[in-house]
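Here's the structure, in structure tokens; my notes come after.
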Amino acid sequence: MKFLFLSAILVGIISLFCCLLILKYFKLSIKYENLIIYIKKITTLVSSARYGNLCSRIDNDPDKITGELSKNLNNLLESILDRDVMINEYVENEKEETNLKEDFIASLTHDLKVPIIAQDNTFDLLLNEKFGTLTDIQKEALIKLKISNMDLKYLVEALLETYKVEHKGIIINKEKDTLINSFIKDVIAQLSSIFELHNKKIDFKTELNDNFTANIDIFLTKRVINNLILNALSYSTNSDTIDVLLKGTKESFLISIKDYGMGIEKEDIDKIFNKFYSGKSNLRQASTGLGLYLSNKIIKALGGKIEVESILNQGSTFTITLPSE
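My numbering puts the first residue of the sequence shown at 36, with every later residue one more than the last.
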């Protein structure tokens, strides 16, 4: 806004300058020497305003014409300064309000994790019959409760991760010569209990040899793979299997995660990585619309990309490509 106002000043000053030249040409009341002095004053004022100093003013001139022009120019600068102050105050108030909201969300989501984790541990104890034998109906009910509790945990974690990423940025710590096959197998193994609860399995295939290594941020890469596999689990309604395929070259490697679910509408594919976007309400699972948004930001920060292919009612394939170095 400030630059817009300064542009208006410059246009006005140029116009005034032309008027003064016309006045001189027709030999009106302004003397040539006074005109030169006045032009220098305007030039100094404009130069000062250009670099952000809106407090400078031009001295009142005893001459009737230049004096009136000086008064109007000073009034214009006063008006711009007042508006600049108002805009800055508005921006600061908006920032403060936004920060308060986001700090509240961060504190709330952090505090919510504690009882959610406690509930998850309690469900495990119950399912392991630490408090007594369970009937099949009781086990089935507890499994459903545990699944719902886990979904809630991932929603809360997505909110908290979004806050961290947008306020602290993405801090990358790559570990050199990570064995990629072993890394992916470990990630899948840690998700096996969740898949067992859903009576589903992961079909993992690799085209890499066991000695293939890459320099990766283990925590961030795992975060994205977990999210994509769990998404596939949620949406794979037409099969009990999620396919995970690993390929690579000397320069890069890719991980494809395929589900056999409802698929994604063509018009939605370009939107799925948008913040808070979670698809059509009649098809989506419980979601904040942040999982894919975060995954995309992380993979881009790691120098890679995420691609998606989908056929409606047949499933979707998400492919991560990451550099090996």
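Yeah, the Cβ is synthetic: ideal placement off N, Cα and C, and Gly gets one too. These numbers come from a predicted model, not from an experiment.
Item checked: I304: first and last residue of the uninterrupted alpha helix (DSSP H) it sits in -> Bounds of the alpha helix (DSSP H) holding I304 are 301-304.
Next item on the list: Measure the C-alpha to C-alpha separation of Q154 and A249 and round it to an integer number of angstroms.
Entry: If I take the Cα positions, the gap works out to 38 Å.
Checklist line | Sequence ranges, beta strand (DSSP E) only - wholly within the segment 177-252, length at least 3 | finding: Within the segment 177-252, the complete beta strand (DSSP E) runs of at least 3 residues are 210-214, 236-241, 248-251.
Next item on the list: Alpha carbon to alpha carbon, how far is G338 from I206? Give it in angstroms, no decimals.
Entry: Between I206 and G338, the C-alpha separation is close to 13 Å.
Checklist line | P358 versus S287 - alpha carbon distance | finding: One Cα belongs to P358, the other to S287, and the distance between them is close to 4 Å.
Notebook entry, point to check: Rounded C-beta distance between G350 and N266? I'm assuming under 8 Å.
Noted result: Contact between G350 and N266 does not hold, since the beta-carbon distance rounds to 12 Å and is not under 8 Å.
Note to self: Only counting the same chain, and skipping five residues up and downstream in sequence, which positions put a Cβ closer than 8 Å to that of H233?
What the structure shows: If the five residues before and after H233 are omitted, its C-beta is found closer than 8 Å to the C-beta atoms of I182, L268, all from its own chain and listed in chain order.
Notebook entry, point to check: Quick one: any contact between the segment 158-175 and the segment 189-206, if contact means 3 or more CB pairs under 8 Å?
Noted result: Output reads no: the segment 189-206 does not touch the segment 158-175.
Check: beta strand (DSSP E) containing I333: first to last residue?
Finding: Where I333 is concerned, there is no enclosing beta strand (DSSP E), although the alpha helix (DSSP H) it sits in stretches over 326-336.
Next item on the list: Going by DSSP, name the residue or residues bridged to S291.
Entry: L280, T354, per the DSSP bridge assignment.
Next item on the list: Helix, strand or coil for K76, going by three-state DSSP, please let me know.
Entry: Looking at K76 - three-state DSSP - the assignment turns out to be helix.
Notebook entry, point to check: Can we say the segment 297-304 touches the segment 254-262, given the rule of at least three CB pairs closer than 8 Å?
Noted result: Not touching, per the Cβ criterion.
Item checked: Per-residue DSSP class, three states only, for S359 -> In this structure, S359 counts as coil in the three-state DSSP scheme.
Check: Smallest Cα separation from M297: which of G283, T272, L281?
Finding: Comparing Cα positions, the closest option is T272.
Check: I307 by DSSP, collapsed to three states: which one?
Finding: DSSP, read as helix, strand or coil, puts I307 in coil.
Next item on the list: Less than 8 Å between the CB atoms is what I'm expecting for L289 and K240, so what's the real figure, rounded?
Entry: At roughly 13 Å, the Cβ-Cβ gap does not stay under 8 Å, so L289 and K240 are not in contact.
Note to self: If you follow the beta strand (DSSP E) that I346 is in, where does it begin and where does it stop?
What the structure shows: Boundaries of the beta strand (DSSP E) around I346: 340-346.
Margin query: Between the alpha carbons of Y328 and N309, how many angstroms are there, rounded?
Written below: Those two C-alpha atoms are separated by around 6 Å.
Checklist line | E124 versus D117 - alpha carbon distance | finding: For the pair E124 and D117, the Cα-to-Cα distance works out to about 11 Å.
Checklist line | K332 vs T356 beta-carbon contact at 8 Å | finding: No; because the gap between Cβ atoms is not below 8 Å, this pair is not in contact.
Next item on the list: Going by CA-CA distance only, name the one from K236, D245, S291 that's closest to V343.
Entry: Cα-wise, what sits closest to V343 is S291.
Notebook entry, point to check: Is DSSP giving S269 helix, strand or coil here?
Noted result: Helix at S269.
Next item on the list: Measure the CB-CB distance between L177 and L160 and report whether it falls below 8 Å.
Entry: No, they are not a contact pair.
Checklist line | Option in A336, T284, S228, I152 with minimal Cα separation from N208 | finding: Closest in alpha carbon position to N208, among A336, T284, S228, I152, is A336.
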